[in-house]
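Throughout, the working numbering is defined as the position within the sequence shown, counted from one, plus 1028.
Here is the structure we will look at, set down as structure tokens.
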Amino acid sequence: MVFILPISHVVQIPSAWLFSQVYAGKPSLTLELDQHTADAGIDTRIEAAVDIIIRYRRLTRPEPQEKTFVQASIVSNGNILMVRSSDGKEYPLTHETVE
1029 MVFILPISHV VQIPSAWLFS QVYAGKPSLT LELDQHTADA GIDTRIEAAV
1079 DIIIRYRRLT RPEPQEKTFV QASIVSNGNI LMVRSSDGKE YPLTHETVE
């Protein structure tokens, strides 16, 4: 995902309006700079925007499905001992796939 920021020396620029229409609902950062702007304020705004973008990306990405591992085990089926594989299938101890 690419985040684009139009930069200009004029506050009211046509590309800012277009930007807001195209990327509506997505995080963006607008900085207005002049001779009275403090570095700390800019740093804080940039850090906050980065945090918001990171959270936005986490929310919009699908969560990977975790595969849970189930250990194979020996179970009793009446008088017969069976091996229950990690996928839940049961095999007798004499089955060819049981080692």
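Glycine included, every Cβ here is placed at the ideal spot set by N, Cα and C.
Residue 1091 is positioned such that its CB atom lies no closer than 8 Å to that of residue 1105. Between residue 1073 and residue 1057, the beta carbon gap of about 7 Å places them in contact (Cβ cut-off 8 Å).
Secondary structure note for residue 1119: its beta strand (DSSP E) is the uninterrupted segment 1118-1120. Among the bridge pairs identified by DSSP, residue 1061 is matched with none. In the displayed model, residue 1103 falls within a strand according to three-state DSSP.
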